[in-house]
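J.: Numbering-wise, the numbering used here comes out as the position in the sequence shown, counting from 1, plus 535. Questions regarding the structure given below will be posed in turn.
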Amino acid sequence: MAYWEKEIRSLMGKAIHRYGMIQDGDRILVGVSGGKDSLTLLTLLSERAKRVPIHYELLAVHVDLGFQSSGADMLTEFFEAKKIAYHIEPTRIAELANGPDNRENPCFLCSWERRKRVFSLAQRFGCNKIAFGHHKDDIIETFLLNIFYSAEISAMLPLQTLFKGKITLIRPLALIEEKKIERFAKEMGLPYFPCGCPASGKSKRKKVKELLTVLDKENRQVKGNIFRSLSNIKMEYLLWKK
């Protein structure tokens, strides 16, 4: 096994153990958009299930947003080839989010509607956990997005309990950089496809990603420092009220 392959598996295992993400008997809904991140996550969790001493079940779920360039057929082939239980949920979210009455913020509405559908499906299929493919770069970008555009200091959590403990969100790729996921997906020949949304190239997240790329070229420690700052908080130097 190549070093890059060992490293990504090791980092996911580290995140799972550090945050207590998976326990014996879990039934995990894995959100699969069709991108490199979610397919990498599904592949790694499926492989891990075969070699760890606990038992957990996976259900791959793809919420088909309704774009013309839907990859539902390709994903179906992938799930069946890997013998992974799956569900494809057809929707008209793309039409709703990109309609004439929602020109200002299609990304927010799309994300909101997609997330609601995933929660509903988790309940329907008896899943106690939902796994998303958000990685280290996503967490860093979200932290900056919330500062720049929402005037708050917050980020994605690797593990988050919702609905009074009925559902737990987990992000097993939380310690893995995007570039390592890109390499894994390419080397493993994962059939991921790009987002078909017409607004994807104009998002605030893309602007933050571009800013981080510039800063990273100047100083390779910038992104790592931002990530570490999330667990190195000095409350006495923040303007907050007790």
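Heads up, the beta-carbon is just placed ideally off N, CA and C, and yes, glycines get one too.
1) Can you find the residues in the same chain that come closer than 7 Å, C-beta to C-beta, to PHE667, ignoring five residues on each side of it along the sequence?
2) Given that a residue counts as buried once 16 or more other Cβ atoms are within 10 Å of its Cβ, and exposed if not, what is VAL749?
3) If we count Cβ pairs, one from each stretch, closer than 8 Å, do we get three or more for the region 588 to 600 versus the region 610 to 628?
4) Would you tell me roughly how many angstroms separate the C-alpha atoms of ILE589 and LYS752, rounded to the nearest one?
5) Helix, strand or coil for ALA607 per DSSP?
6) In terms of DSSP beta bridges, what is ALA595 paired with?
7) So, do the region 607 to 615 and the region 758 to 766 have three or more beta carbon pairs nearer to each other than 8 Å?
8) Alpha carbon to alpha carbon, how far is PHE654 from PHE698?
9) Would you kindly work out how many angstroms separate the C-alpha atoms of ARG583 and ARG544, rounded to a whole number?
T.: Answer, in terms of the structure:
1) Stepping through the sequence shown from its first residue, residue 667 is reached at position 132. Cβ neighbours of PHE667 beyond the five flanking positions: GLY566, LEU704, ARG706.
2) By 1-based counting over the sequence shown, the position of residue 749 is 214. The residue is exposed, with fewer than 16 neighbouring Cβ atoms inside 10 Å.
3) yes
4) For the purposes of this step, residue 589 is taken as the residue at position 54 of the sequence shown. For the purposes of this step, residue 752 is taken as the residue at position 217 of the sequence shown. Rounded to whole angstroms, ILE589 to LYS752 spans 42 Å at the Cα level.
5) Start at 1 with the first residue of the sequence shown, and residue 607 comes out as number 72. Looking at ALA607 - three-state DSSP - the assignment turns out to be helix.
6) Position 60 of the sequence shown holds residue 595. Note: ALA595 sits in a beta bridge opposite VAL565, TYR621.
7) no
8) Position 119 of the sequence shown holds residue 654. Position 163 of the sequence shown holds residue 698. So the alpha carbons of these two residues sit roughly 10 Å apart.
9) As a working note, residue 583 is residue 48 in the sequence shown. As a working note, residue 544 is residue 9 in the sequence shown. Looking at the two C-alpha atoms, the distance is approximately 9 Å.
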